[in-house]
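Step one of this worksheet: look at the structure below.
Chains as they are written, first to last, in the working numbering: chain B, 556 to 899; chain S, 556 to 899.
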């Protein structure tokens, strides 16, 4: 699960590039070079540009992506989901620490849904993943998402590319909630891990079939203390249920296991599953094909946002929209007529 | 919670309109008239047009909305969410039946996420809400959503308008999952009900603050048998936690209660909460203001889809996209460059 040689020569070349440039203002080229030289603060800065709504920032960000793309793609991309309360943060903390001991550089891209009411971040508390955040080889980035784009921030895929260019060879994308958001994340990752609680009502009803179908492995969390037995039982039940599902495209049988982030148990087994998956899908060609398909989805996603940017980037459109908005608000005009007027 | 007089005169006028027209082909005008005359099959047909990707169908659908709009708005709009397994369907069945006995006409718009793998509906099984579906005054419509739009189908808001025009005075919008989707549904409903399980791990951690903030009431489900006690305990804990939240815009204190769909318990209490909410928000002006704000959100949502339709409606664009897609797939072109080429 690594590809260190290519990375280090890229780093040396990039460092050389930085030194040969003047320090006046940060250009896309310079920021890219620093990212490729594994500079964490440049990486943070570039992701901030990605998330900016300023059109100039967006342009710089697009250039950075373009320059980082050739240095990307060498990581294992892991998506993690589960209902609120399943213990995603504690799991990532425990699993992330075990990745560090295996010499991985780990980037965690967490989706941080903004509170609609207070307009602030909900999960942005500094107390999450405390031991992991202080590790040298770890980059944690919670991205606020105020628009409802299905559980991933608009720029998550792009941020992943930058992290890879910065030498992170293990990317974890954490989602909030369970539902539609997963399809979006599934279109970005190699492996999709579903965390589950035992004892949350009916074991098999708990997670609907569509989400089970997307998961490459199920992990029952909090398998410690008196919860260990129910967790093992739930695992056995899921193992039974998995056989009823149609085989996945990658023909890697879906695994079910348990873990305890509290006791740091089960992390090595999960790592083995991922390793086995990687070998399996590299051998049968699934991994490369899947990533190609994902690029097409990325294209469509980027196109959608670009079309919206084109409209909202024109101040005449925005002014006209404002005008019509007040008529829609007062009930004078239906949203349908308003859009007809706007686009005519 | 009703407004029968206005409805019945509209019905009579609409029926008259149908009879005075020839029966050659179904026009937007005719379908609208039949909807307003409370014809269920016309309502179904119109929603199918709404969900169609055919531009002609969309045009007819937009005209129908336009004609039904003046007859809409007279319902109570209830959004229901909760994690998978919380028992949303059984709750809606039990609550829906209690609404029928109170002389409501009930429309249920359920979000039915398509399976990404099998391309079929996940929840489209006919066994859901069996007793409710056979009621004369009930309309149940599961809308497939294959795109990830955040848990509501693209046309949910529009379908709601049509249901209202067809005389349904109580609309229930059911979402899947918990997460970003709620913000979308919240922008369509008067009241947002969060169903919760007791005993799903830490009671207060279970649902993250942002979702609690959106809820107008919390209902602990499955409060029957040996689960009754833990449910009541969870309710008490939530009641305590609610006080820590900032007051909602509508200044209606968030309520917490329990129910058992299995024993048909607690439904009247929930109805009372909704009634109290309606009186409270009608008196303080919140309801009307809120709906006006929602219209603006609807405008923006509709604008977004219309912009995408404009692009994809042009076959030249689609052909060019196909070309570039294969280059993106093979890695020859980055998604960023491809969009630049597409939009230049």
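Cβ atoms here follow ideal geometry from the backbone N, Cα and C, with glycine treated the same way.
Keep in mind that this is a model prediction, so the values were computed, not measured.
- Residue contact with chain S for residue 861 of chain B: present (Cβ-Cβ distance below 7 Å to some residue of chain S).
- Per DSSP, the unbroken alpha helix (DSSP H) holding residue 615 of chain B starts and ends at 610-623.
- Unbroken alpha helix (DSSP H) runs of no fewer than 4 residues, entirely contained in the region 627-669 of chain B, are found at 643-656, following chain order.
- With a beta-carbon spacing of about 4 Å, residue 888 of chain B and residue 882 of chain B fall inside the 8 Å limit used to define contacts.
- Going by DSSP, residue 729 of chain S is part of the beta strand (DSSP E) stretching over 725-729.
- For residue 747 of chain S, the enclosing beta strand (DSSP E) covers residues 746-751.
- Per the coordinates, the alpha-carbon of residue 858 of chain B lies some 13 Å from the alpha-carbon of residue 710 of chain B.
- A distance below 7 Å separates the beta carbons of residue 696 of chain S and residue 664 of chain S.
- Between residue 836 of chain B and residue 805 of chain B, the C-beta spacing is below 7 Å.
- Excluding residues up to 5 positions away in sequence, 883 lie with their Cβ nearer than 7 Å to the Cβ of residue 890 of chain B in the same chain.
- Around the Cβ of residue 798 of chain S, a 10 Å sphere holds fewer than 16 other Cβ atoms; the residue is exposed.
- Here residue 773 of chain B carries a strand assignment [DSSP, helix/strand/coil].
- One thing to note: residue 813 of chain S has its Cβ within 7 Å of the Cβ of residue 778 of chain S.
- The alpha-carbon of residue 770 of chain B is positioned some 5 Å away from that of residue 747 of chain B.
- Scanning its chain for C-beta atoms nearer than 7 Å, with the 5 sequence neighbours on each side dropped, one finds around residue 637 of chain S the residues 643, 733, 749, 750, 751, in chain order.
- When rounded, the separation of the alpha-carbon atoms in residue 634 of chain S and residue 741 of chain S is 7 Å.
- In terms of Cβ geometry, residue 692 of chain B and residue 660 of chain B form a close pair [threshold 7 Å].
- Remark: C-beta atoms of residue 649 of chain S and residue 790 of chain S do not approach each other more closely than 7 Å.
- Secondary structure of residue 693 of chain S (DSSP, three-state): strand.
- Counting along the chain, the unbroken alpha helix (DSSP H) around residue 837 of chain S starts and ends at 822-838.
- For the set B:723, B:782, B:885, the Cα lying nearest the Cα of residue 655 of chain B is the one of B:723.
- Shown here, residue 791 of chain B sits in a helix according to DSSP, grouped into three states.
- The beta carbon of residue 890 of chain S falls within 7 Å of a beta carbon belonging to chain B, placing the residue at that interface.
- Listed by position along chain S, the residues whose Cβ is nearer than 7 Å to that of residue 617 of chain B are 891.
- For residue 811 of chain S, there is no enclosing alpha helix (DSSP H); the enclosing beta strand (DSSP E) has its first and last residue at 810-813.
- Put simply, the CB of residue 857 of chain S is near chain B, with a gap under 7 Å to one of its CB atoms.
- Taking residue 616 of chain B as reference, the option from B:632, B:629, B:597, B:628 with the minimal CA-CA separation is B:597.
- Assignment of residue 889 of chain S by DSSP, reduced to helix, strand and coil, places it in the coil class.
- When 7 Å is used as the limit between beta carbons, residue 839 of chain S is near no residue of chain B, the shortest such separation being about 18 Å.
- In chain order, 851, 854 make up the part of chain B whose C-beta sits under 8 Å from the C-beta of residue 880 of chain S.
- Exclusion of the five residues before and after residue 745 of chain S leaves 631, 632, 633, 832, 833, 836, 842, 845, 846 as the residues of its chain whose Cβ lies within less than 8 Å of its Cβ.
- The beta carbon of residue 685 of chain B does not come within 7 Å of any beta carbon belonging to chain S, so the residue lies off that interface.
- Remark: C-beta atoms of residue 862 of chain S and residue 866 of chain B approach each other more closely than 7 Å.
- Apart from sequence neighbours up to five positions away, the residues of its chain that approach residue 583 of chain B with a beta-carbon distance below 6 Å are 615, 618, 619, ordered along the chain.
- Secondary structure note for residue 589 of chain B: its alpha helix (DSSP H) is the uninterrupted segment 583-591.
- Look at residue 655 of chain S: its C-beta is not under 7 Å from any C-beta on chain B.
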